[in-house]
Amino acid sequence: LGKYHPHGDSSAYGAMVRMAQDFTLRYPLIDGIGNFGSRDGDGAAAMRYTEARLTPIA
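Letter by letter, the sequence shown follows residues 1 to 58 in the UniProt record's numbering.
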């Protein structure tokens, strides 16, 4: 993932986490499996503990 983004994998993962949170976007673009954070301010789990795929709307 870090090979495709100039700022490394952490910023690309942060954007993916935001797109997977149903409380951040009206229509989530990513179907996230694992811990992607909560409304209470809990952060997402490390990259190795999460999986993602695109939603049909994306």
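Ideal placement from N, C-alpha and C gives every residue a C-beta, glycine not left out.
- For D31, the closest alpha carbon among the candidates R18, S11, L54 is that of L54.
- Put simply, of I57, M47, A52, E51 the residue whose alpha carbon is nearest the alpha carbon of S10 is M47.
- A direct Cα-to-Cα measurement between T24 and S38 gives close to 10 Å.
- Taking G34 as the centre and dropping the five residues before and after it, the same chain places the C-beta of A45, Y49, T50, E51 closer than 7 Å to its C-beta, in chain order.
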